[in-house]
Amino acid sequence: MKASEVKPDMRRIELELTIVEMEEPRPYTRRDGREGRVATATGEDDSGRVKVSLWDADVDRVKVGSRIKITNGYSRMFRGEVHVSSGIYGKLEVLS
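What follows is the structure, given as structure tokens:
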């Protein structure tokens, strides 16, 4: 799949992207009351760009310039933009 093909509420997304921008991480509270961190990054491929939600440990693993692969991810609308995430059941790999 390509970045330009991602639409809201998709499942089983597989993407390879290069991270070109990354916002500062922000805190959030999990359902169990524990604190976590989330950051929004922008990933691109030869078709375009898409926002990527990075959760907890992925915030530290992914940097601007990283090539990532998301397997079994999902998409949703957040603040008027489509965001892709690996979520609980997916996988995010840093390829380089």
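Those letters in the sequence shown? Residues 1 to 96, by my numbering.
Yeah, the Cβ is synthetic: ideal placement off N, Cα and C, and Gly gets one too.
Along the chain, which unbroken stretches of the alpha helix (DSSP H) at least 4 residues long are found entirely within the segment 8-78? 57-61, all fully within the segment 8-78.
Buried or exposed by the 16-neighbour rule on C-beta atoms within 10 Å, applied to S86: Counting every other CB atom within 10 Å of its CB across the protein chains shown gives S86 a total of 16 or more, marking it as buried.
Helix, strand or coil: which one does DSSP assign to S85? Strand.
Stretch pair the segment 5-17 + the segment 32-46: three plus CB contacts closer than 8 Å: The segment 5-17 makes contact with the segment 32-46: 3 or more CB pairs, one atom from each, lie closer than 8 Å.
Of the residues K2, E35, G73, R31, which one's Cα is nearest the Cα of Y93? The sequence given here places Glu at residue 93; Tyr does not occur at that position. For the residues K2, E35, G73, R31, the minimum Cα distance to E93 belongs to G73.
How many angstroms separate the CA atom of K7 from the CA atom of S75? Approximately 7 Å, taken between the alpha carbons.
Within the same chain, show all residues whose beta-carbon is closer than 7 Å to that of R11, passing over the 5 residues directly before and after it, in chain order. Cβ neighbours of R11 beyond the five flanking positions: Y74.
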